[in-house]
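J.: Chains as they are written, first to last, in our numbering: chain A, 1 to 349; chain B, 350 to 698.
Number of protein chains: 2
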Amino acid sequence: MKKPTKTDDNITSAEKKRATSYDVAALAGVSQSAVSRVFQDGASASKAMRERVMAAADQLGYRPNAIARGLITQRSNMVAVVISKLTNLYYPEVLVQLTQRFSEQGVRVLLFALERESDTETVVEQMLQYRVDGILTAAMFSPEQLETIDNAHIPVVLYNRTASGHIVNSVRCDQEEGERWLVSELVGAGHLSFGVVEGPPDSVVSFERKTGALNELRRLGIDDITTVSGDFGYETGRECFAELVEKHGSPPDAVIAANDVMAIGCIDEAREAFGLDVPGDISIVGFDGVGPARYSAYALTTVRQPVQRMTQSAASMLLERIDNPELSPEKRAFSGIPIRGRSARLADG
Amino acid sequence: MKKPTKTDDNITSAEKKRATSYDVAALAGVSQSAVSRVFQDGASASKAMRERVMAAADQLGYRPNAIARGLITQRSNMVAVVISKLTNLYYPEVLVQLTQRFSEQGVRVLLFALERESDTETVVEQMLQYRVDGILTAAMFSPEQLETIDNAHIPVVLYNRTASGHIVNSVRCDQEEGERWLVSELVGAGHLSFGVVEGPPDSVVSFERKTGALNELRRLGIDDITTVSGDFGYETGRECFAELVEKHGSPPDAVIAANDVMAIGCIDEAREAFGLDVPGDISIVGFDGVGPARYSAYALTTVRQPVQRMTQSAASMLLERIDNPELSPEKRAFSGIPIRGRSARLADG
DNA sequence: CTCCGAATTGCATACGAATGCAATACTGCC
DNA sequence: GGCAGTATTGCATTCGTATGCAATTCGGAG
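What follows is the structure in structure tokens.
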């Protein structure tokens with residue numbers, strides 16, 4: 001043990017101000033650059049130096065200021081993640097996974113939560129001001145906004161949506177394919193009249209699912225189709241079912257809901273308000289494969305998104321683009337996983 | 350219109366480098382400080398100046414660098430929000446609301462998602478490095494970690510947990526009170542044997558709920574109590590119920606689950622695997638009042654957390670502490686809202 | 001027209017760390 | 001022991017914005 005430098009107040013840990021690299025340098029009797037180098041990975045520093053600096057550092061409770069570092073390195077090590085509240089009830093799960101993926105790579109997540117998918121007004125400005133290294137969004141940006149982001153040379157990955165007329169990276173679940181499977185199974189099992197419950201108008205996911213279902217239905221020669229729309233929530237799921245029955249005059253043979261939660265709403269309404277047996281009297285299917293879809297009171301027939309693989313893919317796609325900005329745009333589509341539940345009568349076993 | 354400064358390449362928008370306040374200043378023919386002042390709220394700038402600067406600014410696609418600003422003002426305008434994956438299925442909702450609350454106040458959210466509640470190792474270090482202005486956590490920090498944060502003079506608000514032996518701000522739902530209500534109603538309706546399903550061992554919420562329930566049960570003279578534990582998830586809810594029946598020898602009169610999702614699991618297992626009628630043969634209650642609790646296949650009897658008010662309160666509590674660090678610690682407890690569902694036979698109507 | 005006070009504006013510096021370059025300390029080898 | 005070559009270290013500058021202080025301008029009153 002050596003005596004502390006001349007005027008040391010001997011304060012246990014940081015008391016007055018946050019310690020800076022200069023403070024550490026002074027205490028350790030080295031230069032500021034030395035301190036900086038000790039706290040980096042590939043920098044050259046002797047063992048002795050490293051020890052002296054570290055000792056001084058934790059005596060002062062020093063830790064590098066990521067803000068200052070970001071300023072000089074032009075790298076904030078932050079990515080923006082955008083979600084919208086009503087986009088879909090299952091996004092929270094996606095969000096947690098994404099955050100963990102980024103964390104593993106030493107990248108922090110700056111979260112932006114929108115009320116509705118189209119509330120992207122100020123968000124872009126915020127992201128750019130914070131100089132995020134990349135953007136991962138599960139909400140729709142306008143072409144102008146994408147243009148703005150492009151000009152700032154910030155890589156973007158769209159999650160479950162694809163830009164209209166703008167070349168951009170995306171990771172998505174193939175909604176159309178999933179709907180085709182659902183429809184073909186239902187039609188194959190003899191269902192002739194259909195109800196389609198779509199989601200909020202500004203949801204791309206809902207649009208794709210509805211379109212996928214309708215196209216396949218028409219292709220198979222089905223034209224007894226009634227359409228209503230909700231907001232992806234349970235309550236509107238129930239309301240939609242009632243509305244569907246009213247519009248159609250009687251319950252259709254099958255209902256295709258834009259997501260699981262609305263499908264569950266439909267099932268409850270069908271059973272409770274109309275005394276129908278599901279799937280005896282009517283088949284009801286959803287999409288997503290979220291937790292509640294597995295509850296055995298529903299045991300939904302649905303298409304599960306491979307969330308693990310999708311988030312993994314999205315995170316690494318973005319990180320790759322950050323490290324290598326010249327990579328050309330890429331679209332990755334994952335097939336959904338067909339789940340034969342007990343909420344619909346399907347063709348085979 | 351005046352001629353552009355001598356060597357102007359006349360690039361439409363930001364092309365090469367991000368424009369800085371100096372670039373704007375040069376183009377507008379003013380000083381850098383003038384630009385800085387125009388982009389602040391309470392700064393003095395003449396109308397003429399403001400216009401010239403703004404014109405130059407959006408010609409260059411300039412936007413202030415929040416990183417640099419943070420460095421000089423010692424304010425990052427970011428708060429850290431910590432959640433853990435398994436803490437509770439209902440947290441995603443909390444998270445979205447919190448983020449919106451902070452956004453409204455011009456504060457950005459840096460998100461940290463833990464695998465389990467006790468994985469707080471590196472998180473504290475990260476938060477301090479990024480110089481967040483405040484911390485809102487729904488995961489447990491150790492006393493040492495709280496100490497570290499304290500030394501850095503960063504205000505903290507705990508969400509639904511309270512520190513052991515460390516004075517700190519918190520916003521929580523009164524779990525004990527809620528459990529007391531559930532228990533007294535059940536006992537009042539004549540239930541004599543109880544099963545208690547607790548959550549993961551490192552969950553404070555689970556601990557409080559279990560303790561609250563057990564204390565009240567004992568106070569009312571009930572001692573036929575069987576305890577098992579799950580992880581807050583649906584699957585373990587089902588397993589727990591089976592385990593409960595096995596340990597007890599027969600189904601108890603009532604089951605108190607530490608959260609709604611496990612309660613739902615119990616209901617499904619009771620009905621499907623044991624052919625029991627809920628609530629005819631057995632009463633099952635949960636806690637949280639999340640979405641699926643309302644699904645009419647379950648219509649859980651539960652205690653709903655006033656999420657709106659809690660998030661609102663937590664956000665403003667933290668923001669107050671940021672603006673005024675000297676505010677003394679405060680604990681706010683919100684009563685849960687009793688929900689008389691159809692999953693339990695209660696005393697009165 | 002002159003002078004005073006208030007409002008603007010510019011100058012210079014600070015925030016905290018990273019890094020190119022030059023100086024210095026080591027290492028091994030002959 | 002001397003020398004070439006490499007590994008450490010320090011110096012000085014940079015990132016982009018905010019702000020105290022001094023200089024300047026402006027407005028109006030006398």
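The beta carbon of each residue, even a glycine, is placed where N, CA and C say it ideally should be.
#1: Taking the CB atoms as reference points, tell me whether I571 of chain B and F590 of chain B lie closer together than 8 Å.
#2: Please name the residue in A:I284, A:D323 and A:R332 whose C-alpha comes closest to that of G341 of chain A.
#3: Under a Cβ-count criterion, where at least 16 other Cβ atoms within 10 Å of its own Cβ denotes burial, should R218 of chain A be classed as buried or exposed?
#4: So, at 6 Å on beta carbons, what are the nonlocal neighbours of L128 of chain A in its own chain, with the 5 sequence-adjacent residues on each side left out?
#5: Which residues of chain B have a Cβ atom closer than 8 Å to the Cβ of T99 of chain A, listed in chain order?
#6: If you draw a straight line from the alpha carbon of I613 of chain B to that of F683 of chain B, how long is it in whole angstroms?
#7: Within its chain, find whatever has a CB closer than 7 Å to the CB of G378 of chain B; leave out the 5 residues flanking it on each side and keep chain order.
#8: Establish whether the CB of P655 of chain B and some CB of chain A are separated by less than 8 Å.
#9: Can the beta-carbon of R321 of chain A be found closer than 8 Å to that of G106 of chain A?
#10: Check the Cβ-Cβ distances between R643 of chain B and every residue of chain A, and say whether any is below 8 Å.
#11: Residues of chain A with a CB under 7 Å from the CB of P413 of chain B: which are they?
#12: Is it buried or exposed, N10 of chain A, if we count other Cβ atoms within 10 angstroms and call 16 or more buried?
#13: Output the residue ranges of the alpha helix (DSSP H) runs that lie fully inside the segment 88-143 of chain A and measure 4 residues or longer, sorted by chain position.
#14: Are the Cβ atoms of D174 of chain A and G336 of chain A separated by less than 8 Å?
#15: CA-CA distance, R172 of chain A and A139 of chain A?
#16: Note down the Cα distance separating S343 of chain A from T311 of chain A, rounded to an integer number of angstroms.
#17: Using a Cβ-Cβ cut-off of less than 8 Å, list which residues of the segment 59-84 of chain A approach chain B; keep chain order.
#18: Please classify K434 of chain B: does DSSP put it in a helix, a strand, or coil?
#19: Ignoring anything shorter than 3 residues or poking outside the segment 486-535 of chain B, list the beta strand (DSSP E) runs there in chain order.
#20: Rounded to whole angstroms, what's the CA-CA distance from G537 of chain B to R643 of chain B? Just pull it up for me.
#21: Which residues, in chain order, does the segment 116-140 of chain A contribute to contact with chain B at a C-beta distance below 8 Å?
#22: Under the three-state reduction of DSSP, which class applies to R691 of chain B: helix, strand or coil?
#23: Just checking, does the segment 544-564 of chain B make contact with the segment 583-598 of chain B on the three C-beta pairs under 8 Å criterion?
#24: Within the continuous beta strand (DSSP E) that includes A257 of chain A, where are the two ends?
#25: Tell me whether K47 of chain A sits in a helix, a strand or coil according to DSSP, three-state version.
#26: Are the CB atoms of V428 of chain B and V458 of chain B within a distance shorter than 8 Å?
#27: For Y298 of chain A, return the contacting residues in chain B, with the cut-off set at a CB-CB distance below 9 Å.
#28: If we define contact as Cβ-Cβ less than 8 Å, is V96 of chain A a contact residue for chain B?
#29: First and last residue of the beta strand (DSSP E) that includes V634 of chain B?
#30: Please name the residue or residues paired with F388 of chain B in a DSSP beta bridge.
#31: Do the segment 298-317 of chain A and the segment 94-102 of chain A touch if we need at least three Cβ pairs shorter than 8 Å?
#32: How many whole angstroms separate the CB atoms of G638 of chain B and D609 of chain B, which I take to be in contact at a CB cut-off of 8 Å?
#33: State yes or no: is the beta carbon of N259 of chain A nearer than 8 Å to at least one beta carbon in chain B?
#34: State the DSSP-derived secondary structure class of A696 of chain B, mapped to helix, strand or coil.
#35: Please identify the residue among B:E618, B:F581, B:A622 and B:Q381 whose C-alpha is closest to the C-alpha of K434 of chain B.
#36: Using the three-state DSSP reduction, which class does A377 of chain B fall into: helix, strand or coil?
T.: According to the data block:
#1: no
#2: A:I284
#3: exposed
#4: A152
#5: L460, F461 and A462
#6: 25 Å
#7: none
#8: no
#9: no
#10: yes
#11: Q129
#12: Confidence in N10 of chain A is poor, its pLDDT being 37 and thus under 50, which makes the residue's placement unreliable; the coordinate value appears in the next sentence. Answer is exposed; the Cβ neighbour count stays below 16.
#13: 91-104 and 123-129
#14: yes
#15: 13 Å
#16: 28 Å
#17: G61, R63, P64, N65, A66, I67, A68, G70, L71, S76, M78, V81 and I83
#18: coil
#19: 505-508 and 518-522
#20: 24 Å
#21: E125, Q126, L128, Q129, Y130 and R131
#22: coil
#23: yes
#24: A254 to A257
#25: helix
#26: yes
#27: Y644 and A646
#28: yes
#29: S632 to V634
#30: In DSSP, F388 of chain B forms no bridge with anything.
#31: yes
#32: 7 Å
#33: no
#34: coil
#35: B:F581
#36: helix
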